[in-house]
Every structure is written in structure tokens, then in C-alpha cells.
Amino acid sequence: MAEHDTNSRPGISRARLAHIAAWSIDLPAEEADRACAGIVEKTYARGACICPKNTLLESWTGVVTGLIKIGTVSPEGRSVTFTGVPAGGWFGEGTVLKNEPRRYDIVALRDTRMAFMDRATFMWLVENSVAFNRFLVKQLNERLGHFMALLEYDRLLDVTPRLARCIASLFNPVLYPGAGDHLEITQEELGLLSGMTRQVANQSLKALEKDGVVRLEYGGVTVVDLDRLRSYGA
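Heads up, the final residue of the sequence shown is numbered 235 in our numbering, and it's a clean run with no missing numbers.
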């Protein structure tokens, strides 16, 4: 079964909200309670399409555990990955604000648990919460820079620098708070996110480790020098 809804109705506790949403820490009690009431969590199996392109998903979305890929399929049938979102990341605010269909597919790269805040709750926070609006401005500004950087490395860089920037993007402290310096991710998942085969990703990872910017560990990658990783190949 691709999807399993463990909540019979929306609503999570204040403690749960603080655990899954770093942006909620600055919300006053009334606003935090309003956010809690509008969130439901669901789990998805690896490979599940959480939201197909051109689907109107009237929820703001966050990754509680797991890893998702945001991408699409070109008219020629080529799979195109825009970015990945690890646990702690919330995304899709622009689409919810405009109340339009998602322009990309959301796919679970491993068993993943998602949080969905209904649009009515999201819009109430937009209209009433100073703290939430401050977060949104920072989030949208950071995301713009994030995607501009992704576009640059996808068009201009060779495979190893491209993988370096892909890894660095998953350690963005604004978009993905609480990531630390280690990410549990497989070489296959990194290949899917950076548009290369697992074998090529493996070779590039070894080159990055040799250069001292990452350390390969069982089931994951530890970043040794994030600044160098972000500018690798420049």
C-alpha cells in the first residue's frame, strides 16, 4: 500500500508540532494551536507518488521522516529532478498561496512520512501571524537563491561538482533546519537527485572524499567542509 493515513482527522499536539516544524518555535500559543489543528500526517512507501504533476493539493507540505524528490518528466520522456527535500523541510508555499496545481511530481525516494497543513489554516497564519510571515519571507528568498544555484550547476558543471552542489543543497540550514553535518542517504538516492547513475555517483563521492569535503559512512554522508562543498568546481 503506497499511502497509509494514521490520523482519522486533522490535528497534532503542540509538542509534535515543535518536533516536526522548526518554524513553529516563534509562534504565540494561539497561532501554534491553530497550526496544530490544521495538520494531518501520512506515510508513503518508497517509490510512491505523493502528488502527481498538475494535481491541486490544497495543503502546505513538510517532510517528517524520509526523503522526497521534486521533479517532472519532459515531453521527450526524460525524468528531470529539480531538488530533493529531506526530513525537516517544508515546501510548496508558493503553490498554496496562488491556489494552483503543483507543477511537479512529488515522489518518495524511501519510506517517508509527510505532514499536510490544510490551505485554510495556512492562509489564516498568513493573514494573522507576524512570526509566520517573517518565516515565509525568509523561506521564499532562500528558495529563490537555492533554485538559481541548482540551475547554474545543472547547466555548467561536470558530474563531480554537480554532485557536490546537490549534497550541499540538502544541508541548507534555512530550508532544512536541524540537518547537522550528517545525512542518511544512499548512493542510489544521490544519483536520482543529481541526475546520474549510482555508479557515477559512487565515483564522484570518492573524489569528493579524497578532496576532504565529505566523509563516506555506512548509509550516509558526513559533510566535512560545507563552504568548499558549496563552491566545489568553481
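Each residue gets a CB set at the ideal place from its N, CA and C atoms; glycine is no exception.
Once the 5 residues before and after residue i are set aside, which same chain residues still bring their CB inside 8 angstroms of it?
| i | result |
| --- | --- |
| phenylalanine 83 | Ile71, Gly72, Thr73, Tyr105, Phe148 and Leu151 |
| valine 175 | Lys139, Gln140 and Glu143 |
| lysine 207 | Leu217 |
| proline 11 | Ala38, Gly39, Ile40, Val41 and Asp119 |
Going by DSSP, which residues form a beta bridge with residue i?
| i | result |
| --- | --- |
| isoleucine 69 | Val86 and Ala109 |
| phenylalanine 136 | DSSP lists no partner for phenylalanine 136. |
| tryptophan 125 | Paired residue(s): none; tryptophan 125 is not in a bridge. |
| valine 81 | Thr73 |
| phenylalanine 92 | Thr62 |
| aspartate 159 | Aspartate 159 pairs with nothing; no bridge assigned. |
| aspartate 226 | Answer is none; aspartate 226 lacks a bridge partner. |
| arginine 114 | Thr44 and Thr66 |
Tell me the rounded alpha-carbon separation between residue i and residue j.
| i | j | result |
| --- | --- | --- |
| alanine 22 | glutamate 185 | 19 angstroms |
| aspartate 226 | valine 214 | 5 angstroms |
| proline 76 | glycine 146 | 27 angstroms |
| glycine 220 | glutamate 128 | 42 angstroms |
| asparagine 100 | aspartate 212 | 45 angstroms |
| tyrosine 233 | valine 222 | 16 angstroms |
| valine 131 | threonine 96 | 20 angstroms |
| alanine 19 | tyrosine 177 | 14 angstroms |
| isoleucine 26 | isoleucine 69 | 24 angstroms |
| glycine 63 | glutamine 204 | 32 angstroms |
| arginine 163 | leucine 126 | 37 angstroms |
| serine 60 | phenylalanine 123 | 8 angstroms |
Within its chain, find whatever has a CB closer than 7 angstroms to the CB of residue i; leave out the 5 residues flanking it on each side and keep chain order.
| i | result |
| --- | --- |
| arginine 199 | Gln188, Glu189 and Gly192 |
| glycine 229 | Strictly speaking, residue 229 in this sequence is arginine, with glycine absent from that position. For arginine 229, where only same-chain residues beyond five positions count, the Cβ hits under 7 angstroms are Val214. |
| glycine 78 | none |
Once the 5 residues before and after residue i are set aside, which same chain residues still bring their CB inside 6 angstroms of it?
| i | result |
| --- | --- |
| methionine 197 | Val160 |
| tryptophan 24 | Phe136 |
| cysteine 52 | Leu58, Arg103 and Ile107 |
- Query: Which runs of the alpha helix (DSSP H), 4 residues or longer, sit entirely within the stretch 10 to 79?
  - Reply: 15 to 21 and 30 to 38
- Task: Count the C-beta pairs between the stretch 42 to 62 and the stretch 96 to 113 that are closer than 8 angstroms, then say yes if the count reaches three, no if not.
- Result: yes
- Message: With three or more C-beta pairs closer than 8 angstroms as the rule, is the stretch 157 to 173 touching the stretch 54 to 61?
- Response: no
- Query: Taking one C-beta from the stretch 90 to 100 and one from the stretch 25 to 34 each time, how about it: are there three or more such pairs within less than 8 angstroms?
  - Reply: no
- Message: If we require 3 or more residues per run, which beta strand (DSSP E) segments fall completely within the stretch 181 to 224?
- Response: 215 to 218 and 221 to 224
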